[in-house]
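Structure, as structure tokens:
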Amino acid sequence: MSLSGIDISNWQPDIDAGAVAGDFVICKATEGTGYVSPSCDKQYQAAKKAGKKLGAYHYANGGDYKAEADFFIKNVKGYIGEAILVLDWESQGNPKFNSGKDKAWVKGWCDYVYQQAGVKPLVYISASYRNLVSGIGDYGLWIAQYADNNTTGYQDTPWNEGAYSCAIRQYSSHGRISGYGGNLDLNKFYGDRAAWDKYANPGGAKHPETPAQKPAASSPSGSTLDLAAAVMRGEYGSGDARKQKLGNRYSEVQDFINHIATASASTLASEVKAGKYGNGDERRQVLGSRYDEVQAIVNGGGAKKYTVKSGDTLSGIAAKYGTTYQAIAKKNGISDPNKIYSGQVLKI
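Numbered according to the numbering used here, the sequence shown spans residues 154 to 501.
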């Protein structure tokens with residue numbers, strides 16, 4: 154017996170979690186010690202109303218594990234006893250990841266959540282890094298491993314099934330299922346509804362009646378990357394409206410966006426490889442119009458050619474690609490760097 158379901162976050166702010174096909178929904182609730190997903194409770198309550206099994210996860214930032222655990226518990230208090238609880242252990246924004254301190258941090262967080270909430274959380278991690286959390290104790294694993302990035306629906310037998318044991322397997326980030334028009338993460342839970350309930354409410358853990366809380370703040374919470382992506386999606390407007398909405402986070406976020414607009418493609422590609430701009434849709438959104446040229450370099454093809462546009466200068470093109478106008482002139486046999494023409498194709 155198994156269940157099929159999705160995991161979602163504020164990247165799907167308009168999803169009707171109750172209308173999407175599947176047996177369960179796991180929602181991103183918190184990150185670090187300052188971010189609460191503004192979509193979480195709406196998504197959670199819609200799934201609950203539809204009778205789906207429920208989950209809530211915390212994305213680790215690798216700070217003080219007790220502080221992060223307390224923040225998570227505070228904000229999912231209304232879900233404890235009916236939702237499985239999960240720690241999302243990934244590299245983006247997490248300096249403890251693959252640092253040699255993974256096991257101590259993850260075990261500390263899980264032990265503390267169990268002590269405080271009476272529920273043993275699961276741990277989400279990529280299959281290639283599952284060794285980082287081996288030996289943490291009796292905590293179920295939610296393993297991510299994809300065969301490819303092809304569009305797929307729910308699968309009865311995901312690729313590489315059985316190569317390792319886990320409670321949940323995430324097998325695609327390009328899932329397309331009825332009830333939603335975009336890509337979704339698809340998962341298989343290895344158990345029935347009663348088994349899910351044992352993870353969520355072992356021994357009849359008391360379900361507090363107080364609803365999940367959201368911290369009051371004069372400025373938005375979340376990572377710089379999250380806020381920059383939201384700005385690029387138009388959620389914070391422009392000009393004075395953006396300044397007002399971002400509050401004391403404005404300079405931090407605007408500097409991040411300005412850097413993307415002005416840095417060379419090679420610099421941005423190096424930062425992508427270092428994990429600065431996330432993955433998938435998140436990377437595409439935050440890089441905006443720079444995405445294609447940067448991703449070409451990341452993919453190994455590089456930006457080999459450039460078609461000159463009206464108003465271009467050789468020095469400006471060189472700055473864009475992190476090279477010099479002399480190098481481009483030499484590659485293209487240009488004797489006078491001040492003379493290039495619209496439509497001219499240059500080797501970079």
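Every residue gets a Cβ at the ideal spot worked out from N, C-alpha and C, and that includes glycine.
### Query
Using 8 Å as the threshold, is the segment 212–222 in touch with the segment 330–346, meaning 3 or more CB pairs across them?
no
### Message
On the CB-based measure, 16 or more other CB atoms within 10 Å of its CB, does Tyr317 come out buried or exposed?
### Response
exposed
### Message
Is the beta carbon of Glu221 closer than 8 Å to that of Gly185?
### Response
yes
### Message
In whole angstroms, give me the CA-to-CA distance for Ser468 and Thr415.
### Response
14 Å
### Message
For the alpha helix (DSSP H) containing Gly433, name the first residue and the last one.
### Response
433–440
### Task
Please name the residue, chosen from Ser190, Ala257, Lys195, that lies closest to Asp169 on a Cα-to-Cα basis.
Lys195
### Task
Return the chain-ordered list of same chain residues with a C-beta closer than 7 Å to the C-beta of Pro191, the five sequence neighbours on each side being excluded.
Asn163
### Message
For Trp349, which residues in the same chain have their Cβ closer than 8 Å to its Cβ, ignoring the five residues on either side in sequence?
### Response
Leu156, Phe177, Lys206, Ile237, Phe342
### Query
Once you ignore the five residues that flank Ile278 on each side, which residues in its own chain have a CB closer than 8 Å to its CB?
Trp242, Glu243, Leu285, Val286, Leu294, Trp295, Ile296, Ala297
### Query
What are the start and end residues of the alpha helix (DSSP H) that includes Gln323?
Not the alpha helix (DSSP H): Gln323 falls in the beta strand (DSSP E), residues 321–328.
#### Entry: Between the CA atoms of Glu405 and Lys473 - distance to the nearest angstrom
23 Å
### Query
Would Pro311 be called buried (16 or more neighbouring beta carbons within 10 Å of its own) or exposed?
buried
### Task
Give the range of the beta strand (DSSP E) segment to which Ala297 is assigned.
294–297
### Task
Would you kindly work out how many angstroms separate the C-alpha atoms of Gly344 and Ala209, rounded to a whole number?
18 Å
### Rounded separation between Thr363 and Tyr232 - CA only
For Thr363, the pLDDT reaches just 42, beneath the cut-off of 50, and the residue's location in the model is therefore unreliable, although a value from the coordinates is still provided. Between Thr363 and Tyr232, the C-alpha separation is close to 9 Å.
### Task
Taking all protein chains shown into account, decide if Pro373 is buried (16 or more other Cβ within 10 angstroms of its Cβ) or exposed.
buried
### Query
By how many angstroms is the C-alpha of Leu421 removed from the C-alpha of Ser439?
Rather than Ser, the amino acid found at residue 439 in this sequence is Val. So the alpha carbons of these two residues sit roughly 12 Å apart.
### Query
Taking Tyr265 as the reference, which of Gln165, Val239, Thr304, Tyr324 has the closest Cα?
Val239
### Task
Give me the Cα-Cα distance between Glu388 and Asp465, rounded to the nearest whole angstrom.
32 Å
### Query
Does the Cβ-Cβ distance between Leu337 and Tyr307 come in under 8 Å?
no
### Query
Are the beta-carbon atoms belonging to Val461 and Tyr430 less than 8 Å from one another?
no
### Message
Considering Cα atoms alone, identify which of Val272, Ala257, Gly204 is closest to Val229.
### Response
Val272
### Message
Considering just the uninterrupted stretch of the alpha helix (DSSP H) at Leu380, what are its terminal residues?
### Response
377–385
### Query
Nearest to Glu235 by CA position, among Lys254, Cys263, Tyr197, Ile159, is which residue?
Tyr197
### Task
On a CA-only basis, which of Asp489, Asn485, Asn491, Val189 is nearest Ile501? Give me that one, please.
Asn485
### Query
Thinking C-alpha only, which one of Gly288, Tyr403, Cys180 is nearest Gly261?
Gly288
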